[in-house]
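Peer 1: Numbering follows the UniProt record's numbering, with no gaps: position 99 of the sequence shown is 99.
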Amino acid sequence: MSDVQHHPLIILGSGPAGYTAAVYAARANLKPVVITGMQQGGQLTTTTEVENWPGGHAELQGPELMQQMQAHVERFETAVVFDHIEKVDLSNRPFQLEGSSRYSCDALIIATGASAQYLGLPSEAAFMGKGVSACATCDGFFYRNQKVAVIGGGNTAVEEALYLANIASEVVLVHRR
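(1) Name, in chain order, the residues that DSSP records as bridge partners for Glu-160.
(2) On the three-pair Cβ rule with 8 Å, is the region 135-144 touching the region 160-170?
(3) Tell me whether Leu-30 sits in a helix, a strand or coil according to DSSP, three-state version.
(4) Whose CA, out of Leu-173, Val-23 and Met-38, lies closest to the CA of Ser-115?
(5) What's the gap between the Cα of Phe-69 and the Cα of Arg-177?
(6) For the putative contact between Asp-83 and Pro-94, defined by C-beta atoms under 8 Å, what is the C-beta separation to the nearest angstrom?
(7) Less than 8 Å between the beta carbons of His-57 and Val-23, yes or no?
(8) Given a cut-off of 8 Å on the beta-carbon distance, is the pair Val-33 and Val-88 in contact?
(9) Could you tell me how far apart the beta carbons of Pro-8 and Leu-30 are, in whole angstroms, since I believe they sit closer than 8 Å?
(10) Go ahead and pull the three-state DSSP assignment for Glu-49.
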């Protein structure tokens with residue numbers, strides 16, 4: 001493993017939250033470094049149409065939006081590092097992080113987002129973005145006045161079903177157990 005790379009501020013995550021934090025930190029002259037994580041650009045890189053982004057054009061796709069965000073933070077001289085952090089020690093400052101390289105930082109912003117839980121069905125992947133979704137607030141609009149099913153067993157499933165109740169004609173909640 002190489003020497004430790006020290007940065008005043010490290011941001012874990014390269015989705016909208018991570019890139020937004022980087023823009024504000026860079027404008028405050030904090031010299032942020034964004035460490036992307038395994039899915040550079042976050043969940044939006046697997047999204048098709050992004051219709052809920054203010055100022056986005058009618059055909060805006062998730063990967064395109066995330067490329068624009070990365071270019072934006074790089075214009076502010078934010079370093080974007082392609083690594084996945086597997087170990088973090090917050091017990092002492094500077095904080096210690098390990099991925100394929102070792103890092104330390106005075107401040108850490110964790111903007112790693114969420115990961116959808118899928119059932120693992122072969123048809124699930126085939127219909128992703130074509131009837132199968134993992135984000136009601138992102139994609140609920142596409143199912144306006146249609147019958148939908150939410151599959152899950154925790155608070156998130158109930159929250160998604162409640163959100164869809166105002167959009168879909170009917171919502172069925174299927175508990176996973």
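Here a beta-carbon is modelled for each residue, glycine too, at the ideal position from N, C-alpha and C. Given the structure is predicted, the values throughout are model-derived calculations rather than measurements.
Peer 2: With the structure as the only source:
(1) Walking along the sequence shown from the start, residue 160 turns up at place 160. DSSP output for Glu-160 lists no bridge partner at all.
(2) yes
(3) Position 30 of the sequence shown holds residue 30. If DSSP states are grouped into helix, strand and coil, Leu-30 belongs with coil.
(4) Along the sequence shown, read from residue 1 onward, the residue named residue 115 stands at position 115. For Ser-115, the nearest C-alpha among the options comes from Met-38.
(5) Numbered from its first residue, the sequence shown carries residue 69 at position 69. Numbered from its first residue, the sequence shown carries residue 177 at position 177. For clarity, residue 69 is Met in the given sequence; the question names Phe instead. For Met-69 and Arg-177, the distance between alpha carbons rounds to 39 Å.
(6) Locating residue 83 in the sequence shown gives position 83, counting from the first residue. Locating residue 94 in the sequence shown gives position 94, counting from the first residue. Contact flag wrong, Cβ pair sits at about 17 Å.
(7) Your numbering for residue 57 matches position 57 in the sequence shown. Your numbering for residue 23 matches position 23 in the sequence shown. No, these two residues do not count as a Cβ contact at 8 Å.
(8) By 1-based counting over the sequence shown, the position of residue 33 is 33. By 1-based counting over the sequence shown, the position of residue 88 is 88. No; because the gap between Cβ atoms is not below 8 Å, this pair is not in contact.
(9) Walking along the sequence shown from the start, residue 8 turns up at place 8. Walking along the sequence shown from the start, residue 30 turns up at place 30. Yes, they are in contact, since the Cβ atoms of Pro-8 and Leu-30 sit about 6 Å apart, within 8 Å.
(10) Translated into positions along the sequence shown, residue 49 becomes position 49. Glu-49: strand per DSSP, three-state reduction.
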